[in-house]
Amino acid sequence: MPDKSHLGVTGGTKTHGVGRMSKLQHVRIFNVFALGLLSYASLLSAQIITGEITGTVTDPSGAAVPGATVTATCTATNASRTATTGNSGSYVLSNLPPCLYNLSVSAQGFKTSLSGADVAVGITIKKDFALQVGEKAETVTVEAATPLVDYSPGVNTDVDTTAILDLPTEGRDFKSILGLTPGVQRSPGGGFMDVSINGQRTSTNNYMIDGVPNNDRFYGNELVGQPGLLGVPSALLGNDSIGEYTVQQLPTAENGVKGGAAINVTLKSGTNQFHGTAFYFGDYDWLNANNFFSSTRTAYHNHNYGGTLGGPIIKDRTFFFVNFEAQRNKSLAPYNVILPTQGDLQAVTNFFNCTPGNTASCPIDAGTGNPIVTNTNNLPMNSAGLALLKYYPCSDGAGGTVQCTPAAASATVQPGGFTQTVLLPDINTLPGSFIVKIDHKLNSKMSVSGRYLYADSVQSGPAFGYTIPPAAGSGLSADGFNSVVPTRVQFAGGNWIYNIAANKILDVRFSWSRFSQILAPNNKVDPLSLGIDTGPLSPADFGVPPVYASSVTYGNIGGIQGYPLSTRPTQTYDVSAHTTWIKGNHTFKFGGNYQRASTGSLRNRARTGLFSFQGANEFTAADPANNIPIPGYDVVLTQMLLGRLDRAARSFGDTTRHIYQPSLGLFFQDEWKATPRVTVSYGLRWDLNGALGETGNRGSNFFPNQGLVQLGKGITRLYDLDLHDFGPRAGLAWDIFGNGKTAFRVGYTMAYDVANFAAILAPYLYQGARAGAFTNSDLGVFSVTADGNASLGTNLSTLFEAFAPNTCYNPAVNTQSPDWVCIGPQPGSPNPTTAFQTYGANPTGTPPFNVFGTVSPLRTPRIQYYDATIQHELFPNNVLTVSYVGAHGTDMLLNRQLNLRPIGCWSDLINPATGDPYGQLTGRPMSANNPTSLNCNRPFDSVFQTGGVPTFKYINQLTNGGYSRYNSMQVTYRQRNWHGLNTIVNFTWSNCIDTNSVNRGGSSTLPIAENPYNPRSNQGPCDTDIRRNFNTGIGYDFPKWSAVGRLGDGWQIGSVATYASGRPWTALLSSGADNSGQDLSYQRPACIGKPIYQFSDPNSPTITNVPAVFAIPADGTIGTCGRNAFRGPHIVQWDFNLNKTTKITERISLQLRFEIFNLLNHPNFNTLPAGTTISQKKIDNFPNTSFSTYAQTPDVSSGNPFLSQGGPRAGQIGVKLIF
C-alpha cells in the first residue's frame, strides 16, 4: 500500500495539551494576553477609512521651505487638520476623512497659497506648493482640481457617490457596479459568495463599513448585503447612504483575519447644511422581456422606497445622518415538472381493486387473460400514503390540475405523468434597513463617531426545478414547500480620534455585528399528524416529509430535506487602536486589534426523506416480444399508497453548537519620503488566531493514529495553533518626472486568510455526507439510512405481499435484508392500526461512519500579492493606469479523502460464485471478492473496528495541501468632470490556476480530487477564472438648453457595459459510473480529443463532438479529463439609464429616472450547463442527451430573476426628491 504519511497519517499525538491546562484556561490566557497587549501599546488594527494628502512646499527658486503650515479644512463640517513641513519641505496630512478640503499653506515671508483637494478613502493625493514672496495676509489661489494620479504604494480603486447614484444599478445594490473595479470577477447573476478579486476565493474578501469588519465569519461572505435564500440582499446597504466604496487590492499591514482585498464602504455623514432624499423605484413585468427559456412573460414586481436625511445637531460640532430603505419583491418563477395524472390515479386504483374476488378492474395480459397485478392480500390504501397524496397536484392532461385524491381518478386521462409548467412564488419582504450615524467634535483635539444599522427580512422561494407545489385544497398555500428564510442583521461601530499633537494621532475603534438567519421549510406539519412515525422530532424539525422519485421526475413534494439550518446568531466583536506618528520624512503607524467571533449553529437534518427507485417497469407477458409497460409514476404512487418505499434517511442527535474563535493582530508600518519624488513603505503584521472552539467541548478531531478524539478528553483544542503568521509588506511610489502627472508604483504583501467557520463546522462535502468537527459520530450525532432491498423485477404484485418479519425495515426483527421501508399502519404487523416506526423502536448509528478531521497544526492559508503599476495623466482629469497584479497562495485549505480504496480495485471479470461481474473489489488480495494482487480494503478498515466491522467509511480531512497562482494585466482609463463626462473603463486579462477554489462545498458537481495521494492532479483553472473581462461605466450631463427653460436642464444619461469570457466547468461521469475502484460515486471521463463549442443554441449541446472528446476510462483507472477543463458561454450586457432632474426651488429638486438593464436583450446563459455528467449510454447515443446544454439564465440560476446581471431586458422607473 502507498505510504500515507503525506496524507496527514503521522499527526495527532497527545501533545495537544493533555494533562496541562483546560480549554477554558487557554481561552482566558489568550484573552488576557490579547487585551493586555492592546492596553500596553495603545494599539490596533484600523482598516483604512481615510485618505492622505502629501507634497512638498518650495520657494520661487525651488528650495525647500521648512516650517510652513499646511491646513486642510473640510468644506462640509469645517473640521480642520494641520501639518508642518520638515527640513526637506515635505508634509503629510494623514488620516483625513473623505471630504472636499480647502487647503492653505502659509510661511513667514511668503504669501498664503490656497487650493483644494477631494480626499477619497485609501488614496494618497500629491499636492505640491510653490510659494510666492510676500506678506502672509496676501493670498494666491492655485489650481484646485484634485489629481487622479495616486501615490499610495498599493493598488486602490475608489468609486464615489456620483457613480453609485447616477449609473444604473440593478436592485439598487452597489455590488452590481463592483465590476467597475479592475481585478474583480463577479458571478453572473450575483447571489451568494459572488465576488472574487485577483483570483482569490470568494470567502477571502475583507468587507468593511467605515473601516470596521462587515464579515460573516460563518460563511465568509459580507454581513450587511449578504443574500438570504434568493440573490436579493437580506439587509440592504442603500445606495443613497454610501459616500463611496474603495477596493484595496493589496492588503496593508492594518488588515487582518481576512487575507483578501479590502472592500470598504464609507457611509455618508451629516454636514452643516441639511440634505436628504426621498425615493421610490419600481420594477414591473410590463417593462420586461420574456426569459429566453419561457414563452410567457414572468409575473414580477419589485418596489424599493425610502429616504435619507443629514444635517447639523450643533453647527460645526455635531452632525447626524439617517437612511431608511425598504424592499418588496415578488415574482412567479415558471418551470417544468412532471406531475402524476388523473389517469395514473385510475391505474393505481385499479391495482388496489384487483383482488382475488374482484378481477373486473384488473389490468389484463392479453396473451394469457390473467391479471398483470393482483392485490392478493386485499391490502387497503395506507392512511399515511393518502395523507401524502393529497399534496400532489394531478394533471388533467390539458394543462390544468386537480388535487390528487382517489376520487379524482379518471380513465379518460392518459397515465404516465405529464410535463407541466408550474408557477412558484419568489418572495422577498424587507420591511426596512435603517442606518443612523452620529459625528461629534468633543474639542479641538478629540472627536467621536458612531453608526448603527438594523434590518429585518423574510425571503421565500422554491428549490428551482425541483419543487412540486402543494395542491389546492391540501391545506397549504402555493408556497408551502418553499424554503423560508427570516433574517435579522445588526451592525454597530464607533471610533474615537485623538489628535495628540500635530504629528500624532490615536484612532480607537469598536464594532459589533450580529447576523441571525434560519433556513426552514414553509410549513410546520408534524409528520405524526400524517401517520408517519420517524422517531423523536423537535418542533423546529417539523415539515411534510419530502418524497423523491428521481426515476420518474426530479420534482418532489416537501421542499428541501436538509432544512432547517440555523446560524443564530453569528456575532463578531472587534476592538482596535492605531497610532500615526509623523516624524521628519517618516509616517509611522503601529497598532493591533482583538476580535472574538462566535456563532450559534443548528444543523440537525432530522427531517426524513422518502425515496422510490423503482421507476418504469416492463412485466413479462405471454408473448415476450410484447412486454407490457407499467408507467413509472403508477409504481411510485402504488408504493406510496401502500406505505412501502425503497429508502428513508434522516439524522439523529442534537446539533446545537456554540462556536467561537478569538484573534489577535499586531502591526507596524512606515511610509518614508526618501526624496520629494520617492516614497518607500514597509511594514510587518503578526496574527495569532485561536483554534475553533465550542463552549461545551462538543467537538472532535480525527487523528490517524488515534481515531476520533473529543475536546476535553484527550485534546484541549481542535488543532494546534499556527504561531508563525508574520506578514511583511513593502512598496514604493515614484513621481517619475516630479510634476505629479506620472507615477510608478510597486508593492508586495503577504497576508493570512483565517478559515471561515463553515469550513470546519459544516464542510458540506459530497463524499462523507454532512459530518463536521462538531457533528462527528462520537458526539451523539448519527445518520440512519433505512434501505429496502426488494426489486419488483417483472412482478408488481410483489408490492402487495403479506406482512412478514422482513417486509419492513426494523433491525430488531429483521433476519435478512428487508424488502421495504414502511410508513403508516401496516396490516398484519404487531400493531396494525398505528403508524409503523420507520426506523424501528430505537434507532442507533451503525458503523462504518463518515467522519471529519483537520491536520494539526492547521496552518493559516498564506497569500502573497505583488504589483507593478504605471499611471499617467494624459491630460487634465484623464488618467491611464496599467498594472501587473499577481498573487500566489500556499497552505490553502484542501479537503482530502484518507480512506478510499486503491485505484485499480474494480473488475468486470465474472465472479464464479455469483455469475456476475465483480465490479467494486473489496478485501485482501486473491480473496472471495478480490481476484487481484491489490489490497482492496480501505486503509483504516483494520485499524479501527467496532464489533468486528470497520468503524469508518469516508474520512474527510481538511489539509493545507492547496495552492493557487494568479497573474493579470489590468488597464484602467478614468475621466472625471471633462465637459460633463465621467468615464471608467477597465480591462482585465488574467489567468488563475489552483487545486480547488472553495474552503467548503459539495454536490455531485464538486470538482473532486480523483487521486488523494496526488492533490496536484486536481490542478486546473480556478472556478472564477475569467480570462478576459471588460467593463465600462459612463455618465454624461447634457449642457443646459436655455431656450426651453426647465425642460432643457438637468438631463443625464448613464451606461454600464460588460463583456466577460466564459467560466470553466468540470465534466463528470454520471452517478454510479465510477469504475476506478476507489468507491467514489463520481469520477471524470477520459478526454481523447479537443472540444468544438457552439453557444448560439443553448438547447443543443455546447460541445458538438462529444464522442470525439470523451470516453469511459478503462476499468481500474481514473479519467484523464482535467478539473475545470471546459468553458461556458461569455456574458454580454449593456445597461442604460436616462435621468431628468428639475429644480423646484433653489434647494429642492425632483429627479425622474428610467433605467433599463440588458438594453439589447442579449441572451446570456448560466455559467454551468444543465448537464455536467455524462454516461456511457449518452456518449454512444450522442446527441440524444442533455449533456452540456443550458436551461437557465444567470439571474434565475442565482435565485434573483431580473434583479441581477444576465437576465432578459428589464426596466425600472424611479422618482427621487432631493434637497
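Each residue of the sequence shown is one higher than the one before, starting from 0 at the first, in numbering that gives the first Met the number 0.
Positions of the beta carbon are idealized from the N, C-alpha and C atoms, including for glycine.
Leaving out five residues before and five after residue i in sequence, what residues of the same chain have Cβ atoms less than 7 Å from its Cβ?
i           : result
residue 775 : 699, 707, 850 and 851
residue 813 : 804 and 805
residue 147 : 872, 876, 878, 973 and 975
residue 757 : 217, 218 and 999
Using the C-alpha atoms, what's the distance from residue j back to residue i?
i            : j            : result
residue 1068 : residue 279  : 50 Å
residue 1001 : residue 197  : Low local confidence applies: a pLDDT of 49 at residue 1001 is under 50, so the model's placement there is unreliable, and no value is given.
residue 817  : residue 827  : 16 Å
residue 638  : residue 522  : 24 Å
residue 636  : residue 1215 : 56 Å
residue 204  : residue 475  : 41 Å
residue 294  : residue 752  : 47 Å
residue 175  : residue 236  : 13 Å
residue 844  : residue 467  : 32 Å
residue 313  : residue 272  : 11 Å
residue 688  : residue 292  : 49 Å
residue 1273 : residue 691  : No statement about residue 1273 is possible, as the shown extent of the chain runs from 0 to 1218 and does not include it.
residue 1203 : residue 1133 : 13 Å
residue 1106 : residue 1172 : 14 Å
residue 772  : residue 387  : 36 Å
residue 880  : residue 978  : 21 Å
residue 494  : residue 940  : 57 Å
residue 1157 : residue 106  : 57 Å
residue 948  : residue 721  : 37 Å
residue 855  : residue 938  : 20 Å
residue 98   : residue 115  : 10 Å
residue 739  : residue 1092 : 49 Å
residue 613  : residue 787  : 11 Å
Below 6 Å CB to CB, which residues in the same chain sit around residue i once its five sequence neighbours on both sides are set aside?
i            : result
residue 1110 : 1085 and 1087
residue 252  : 666, 668, 682, 684 and 728
residue 1141 : 1045, 1049 and 1149
residue 498  : 444 and 504
residue 606  : 540, 542 and 560
residue 983  : 179, 973 and 1032
residue 966  : 885 and 990
residue 477  : 468
My assumption, with CB atoms under 8 Å, is that residue i sits in contact with residue j. Please give the rounded CB distance.
i           : j            : result
residue 100 : residue 71   : 4 Å
residue 422 : residue 434  : Not really, about 36 Å apart at Cβ, beyond 8 Å.
residue 340 : residue 396  : 6 Å
residue 987 : residue 1015 : Actually they do not touch by this definition, with Cβ atoms about 27 Å apart.
residue 231 : residue 516  : Not a contact, Cβ separation roughly 14 Å.
According to DSSP, residue i sits in a beta bridge with which residue or residues?
i            : result
residue 1051 : 1036 and 1138
residue 723  : DSSP, once it has assigned bridges, lists no residue as partnering residue 723.
residue 1097 : The partner list for residue 1097 (beta bridge, DSSP) is empty, contrary to what the question assumes.
residue 886  : 864 and 965
residue 733  : 677 and 743
residue 185  : 194
residue 1105 : DSSP output for residue 1105 lists no bridge partner at all.
Within a Cβ cutoff of 8 Å, which residues of the same chain sit near residue i, ignoring the five residues on either side of it in sequence?
i           : result
residue 287 : 296, 297, 299, 1201, 1207, 1208, 1209 and 1210
(message) Would you call the region 332 to 345 in contact with the region 414 to 423, where contact means no fewer than 3 C-beta pairs closer than 8 Å?
(response) yes
(message) With a threshold of 8 Å, are at least 3 pairs of Cβ atoms found where one atom belongs to the region 298 to 307 and the other to the region 366 to 380?
(response) no
(request) Say whether the region 347 to 365 touches the region 375 to 382, bearing in mind that this needs 3 or more beta-carbon pairs closer than 8 Å, one atom from each stretch. (result) yes
(request) State whether the region 120 to 129 contacts the region 50 to 68, with contact taken as three or more CB pairs (one from each stretch) at a distance under 8 Å. (result) yes
(request) Mind the definition here: the region 1055 to 1066 touches the region 1028 to 1047 only if three or more C-beta pairs lie below 8 Å; say whether that holds. (result) yes
(request) Could you say if the region 742 to 752 and the region 575 to 584 meet the contact criterion of at least three C-beta pairs nearer than 8 Å? (result) no
(message) Any contact between the region 211 to 226 and the region 518 to 534? By contact I mean 3 or more CB pairs, one from each, below 8 Å.
(response) no
(message) Using 8 Å as the cut-off, can you tell me whether the region 1104 to 1120 makes contact with the region 888 to 907, which would need three or more C-beta pairs spanning the two stretches below that distance?
(response) yes
(message) Any contact between the region 941 to 961 and the region 910 to 930? By contact I mean 3 or more CB pairs, one from each, below 8 Å.
(response) no
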